[in-house]
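Residue numbers (mature numbering (1 follows the signal peptide of the UniProt record, and there is no 0)): -37 to -1, 1 to 928. Here a beta-carbon is modelled for each residue, glycine too, at the ideal position from N, C-alpha and C. Just so it is clear, the structure is predicted and the values come from calculations on it, not from any experiment. Working notes, structure below.
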Amino acid sequence: MRPPVPRRTRHRLLAATAAAALVLGGLAVTATSPAQAAPVGAGSYTTTPVGPLPSGCGNMTTNPRQFATADAPPGPIPTNDWWSSLLWKRLNCAFSEPLHAHPASYRPVTDGLGFSAESVAAISGTATGVGEYKYPYVEDIRVGVAGLAAPIVRVADWTDWTVTPYWSDGTRTLRATIGHGLPFAYFRTTGGDAVINANGGGFTVFSNSAGRIGFSVRGHDYVAYAPSGASWTVSGTRISSNLAGRGYFSVALLPSTSDATARNQLATTYGQYAHAHVTGTRVGYSYHQSTSRVETRYTFTTTPREGTETRTVVSLYPHQWKSLTGATPIAPTYPSARGRMKVLTGVGEFRTSMRFHGVLPELPAVATGAGADLTTLRQHLAAVRSNPMDQRGGDTYWTGKGLGRAARIAEIADLVGDTETRTSALNAIRSTLNDWLTASPGETERLFYYDERWGTLIGYPGSYGSDQELNDHHFHYGYYIAAAATLAKFDPAWARQDQYGGMIDLLIRDANNYDRADTRFPYLRDFDIYAGHDWASGHGSFASGNNQESSSEGMNFANALIQWGQATGNTAVRDAGIFIYTTQAAAIHEYWFDVHDENFPAAFGHSNVGMVWGDGGAYATWFSAEPEMIQGINLLPITGGHLYLGYHPNYNSTKYQELVRNNGGEPTVWQDIHWQFLALGDADAALAKLRANPGYTPEEGESRAHTFHWIRNLAGLGRVDTGITADHPLAAVFNRNGARTYVASNISATPLTVRFSDGTQLTVAAGRTTTSGAHTWSGGSAGGGVPPGPTPTPTPTPTPTPTPTNPPGPGQPTRYLLAGGGLAAAGTPGTTTVASAGGTNRDGTPTNPTVFTATGLNLNHTGGQTAFDLFLDAGNAVGNGVQMRISYDLTGNGSWERVETYRYFATDPVPGWETYTQAAGLHSSTGSLGNLRGGTVRVEVWSAIGNSPSSLGVGNRSVVRLPYS
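Structure (structure tokens):
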């Protein structure tokens, strides 16, 4: 039974003073000296324990290497891995819990290494309530040395995704190397014969010659490979070999096949690589910004125990083989808790290539920038202004949640020009981070402690085992880093390494150290490189292996690295974030959501899991059996870095429908989280639910302002368009009914041109966020940012004239809007006034329009659509929205055969040109286009909303491009 550890229940952690005795898993440690502060720029951490420390069997607290051999790799021990219970012995003080490597699982015991290849899922629970599927550890064979009786198993080596347990009883020794994706386990022995014992059911030998023996146990096929000159002897349920005195062998699990010839061929193929023992694994990754691709290289180092072969056999998880380049898997495949694993033979490495689809600091305010929606949003922002963090607890997790909430509020307030709320949120973030990132002598709370023995930075008060078990550091610290990235946009000086940037970098390195040369922390602690996702438990001491529920909080950490790296110019951090983000997004869609309906057992009955375990998945959480929380824990927090939740938009409705089914109706808690997820697939439906339920209770880290902003703007933007990428990490594309909106954020101090893979370009001014619909907002210190200090004030920078985003196609007629109402070739530069709407909503109804007309046109329709660039400037006016209608009279007889009315464009209150384009989308249309024969085209421009006039650039600025030749 898994311990019911709550992760989201509110509680109080009593912090001890520096002189208090701390009881650590039965070991009393007394801190008698005041906290010693180690400075890092303007911040600092303490090197004196001030609270509970990691604990386990024996003296783990003070000697975390007690279960490592003397020749094990130096430096801090890895934690939060699939094999962590072997090194961090917390419950089983002699051996470990099952180690789910895939395609096999293993369990060290006194006389050797047990193997399990369970291929049939065990399913419990119901299809509408809490349930799980698992491929539990059921031992097929045990491999060891004759007479071995080791009292304890230690760890002799580890690499990026392998581990080497070590047995010794004083007379005999055994070393075994096992790893993710390895069909082989590699052994070295001393002091006796190699032995393989089958479980109580025995085995069937299907081949035995020349040092190779193939046998089947419980329907699973294995082959053992001895050195040249050795042989295997079968006696009852025992197989043994003296290994010709050479002391090495390997055992492989074969993919299952009912064809005896194919099985023997597999045994022969695997045999070519059986003595090239894998002794090292290493990942390398690179982000290619121009193509927005993440290329990952998985390399295997082998030691030939005999012969010259150095290649090996590996099996790949679905997220890997679906993005594989330069190699072709063989058949058949392995079943696993993650779905079918495909096999590569004769390789020293393999590579994957994945698209990175970009992240944003926040969704742009394309639909909440004017009118009634702007009023609603401003009211929501005003309501949180005095308490933007709304912090629910004082530990690292709940402080982080509060920081995340304030960061969302600051970003949104900045988009709509609410400088008062933005200032309040940024001040709350700054003061909270300054407090936590500084350790003063004698303090025991709201500080970080570095433990050199464990190679970790622990925040106190901790929660949910973040101190004693090193759980969830990426969850907790991701909020701190993300909030720091928001603050860095507006206060770059704060983020310098000689100020507080150095402490933020330590938080990053603790959870996922991106620098192999930094020996203060293990490399990529929380991220399982081969599995493609994080693990939450530090020690992983569970029969089902390690686990993680909130994949979305793991992605919050990855996104935080991208945002922080971009804000501070640290491309190493940014690229590490992009690698983790892109890889883990693929893993989440496969293993938490199973969006292709391929990986979960058919009888499981759920379209998603709340938790992934080493041996399966569970529609459950640590803290609640409510469907809203089971599904919601893998959605929160919703940010501009969580656009991956919309990569498979049709699935969003499927998942929401399952929630309603299992809940017996619409959600009653965390509604905002579920509506925001639904909005990435069906924003109109989500908006209707939000409007129909104004009295909902926000999730603890959410605000009404952010939820309204997110859903209302997605209703204008549409779905995430994954078919187009950008050469800038802070960019995304949306598609609503065929109309695309391109978004890019430039948080640097210099102008930026962002190029999209379909040829579209956006020129983005310094410190701005821009869309192809010509919405432009402040977005950092270079464009309306907030300088450091307790009472920041905005310093707007006028927006320069944008570059037109709709270049004409070959032969496409371009007509300029001219002073006096003409629609013809370019004329004298100038402006004309678009009259105010007078505070009345004129959306869709031309009222006092400015009209431009072309007559006598003889053109052939090309089958395309209207395109336009209207240059607008509302000056300092707030709440204006300009609208355009174009009408086609095909024969010039006064009858309009085609009328297109576009959604209005909400101008910003910053002087400078903005560009209104057809990407705003159609408000309505009637009729059909055809050839123009003496025809007329009319353009009408008017104010749909607002109380002030706007300027329209004419002469050589505003144009329409007719779909004619």
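If you draw a straight line from the Cα of ALA300 to the Cα of GLY580, it comes to about 8 Å.
Restricted to the region 577 to 663, the alpha helix (DSSP H) segments that are unbroken, complete and at least 4 residues in length are 590 to 595, 612 to 626, 634 to 655, listed in chain order. Taking C-beta atoms as the reference points, ALA702 and GLY604 fail to come closer than 9 Å. With respect to LEU229, HIS183 sits apart: the two C-beta atoms are not nearer than 9 Å.
In the DSSP annotation of this structure, the continuous segment of the alpha helix (DSSP H) that includes ALA539 starts and ends at 534 to 554.
The shortest CA-to-CA distance from ASN625 to any of PRO692, GLU591, PHE834 is the one to GLU591. Counting the other Cβ atoms within 10 Å of the Cβ of ARG488 gives 16 or more, which makes it buried. For ASP836, the enclosing beta strand (DSSP E) begins and ends at 830 to 836. Residue range 895 to 908 is occupied by the beta strand (DSSP E) that includes SER906. In terms of Cα proximity to ASP461, the closest of VAL683, GLU553, VAL3, ARG924 is VAL3.
Rounded to the nearest angstrom, the Cβ distance from ILE104 to ILE176 is 12 Å, too far for a contact under 8 Å. In this structure, LEU279 places its C-beta atom within 9 Å of the C-beta atom of GLY144.
Assigned with DSSP and collapsed to three states, HIS669 falls in helix.
Taking the Cα of ASP721 as reference, the smallest distance to any Cα among GLY208, ALA689, LEU781, GLN526 is reached at ALA689. In this structure, the beta-carbon distance from GLY844 to ALA800 falls below 9 Å. PHE313 sits away from GLY334, with the two beta carbons spaced by 9 Å or more. Classified as buried, GLY365 has 16 or more neighbouring CB atoms from the shown chains inside 10 Å of its CB. If you look at HIS240, you'll find it isn't in any alpha helix (DSSP H); it sits in the beta strand (DSSP E) that goes 239 to 251. Nearest to ILE372 by alpha-carbon distance, out of GLY884, SER68, GLN342, ARG416, is GLN342.
Looking from the CA of ALA294, the closest CA among LEU287, LYS305, ALA35, ALA655 belongs to LYS305. DSSP places SER394 in the helix class (H, G or I) of the three-state scheme. Non-local C-beta neighbours of ASP414 in its own chain, meaning closer than 7 Å and more than five positions away in sequence, comprise LEU16, ILE421, ordered along the chain. Scanning PHE671, ALA869, ASP684 for the CA closest to the CA of LEU606 turns up ASP684. For ALA689, the three-state secondary structure derived from DSSP is strand. In this structure, ARG537 lies away from PHE453, with their beta-carbon atoms at least 9 Å apart. Taking the CA atoms as reference points, TRP585 sits about 12 Å from SER500. Three or more beta-carbon pairs separated by less than 8 Å link the region 785 to 804 to the region 901 to 908, which places the two stretches in contact.
Residue pairing of ARG201 in beta bridges, as defined by DSSP: ASN160, SER198. For ASN698, the uninterrupted beta strand (DSSP E) segment begins and ends at 694 to 699. Shown here, LEU76 sits in a strand according to DSSP, grouped into three states.
In the three-state reduction of the DSSP assignment, HIS63 falls in the strand class.
Annotation for MET847: the continuous beta strand (DSSP E) segment containing it runs 844 to 852. Looking only at TYR851, GLY577, THR816, ASN919, the smallest Cα-Cα distance to PRO66 is reached by GLY577.
Contact between the region 245 to 252 and the region 164 to 181 is absent: fewer than three C-beta pairs spanning the two stretches fall below 8 Å. With 16 or more neighbouring CB atoms inside 10 Å of its own CB, HIS637 falls in the buried class. Listed in chain order, the beta strand (DSSP E) elements of length 3 or more contained wholly in the region 429 to 495 amount to none.
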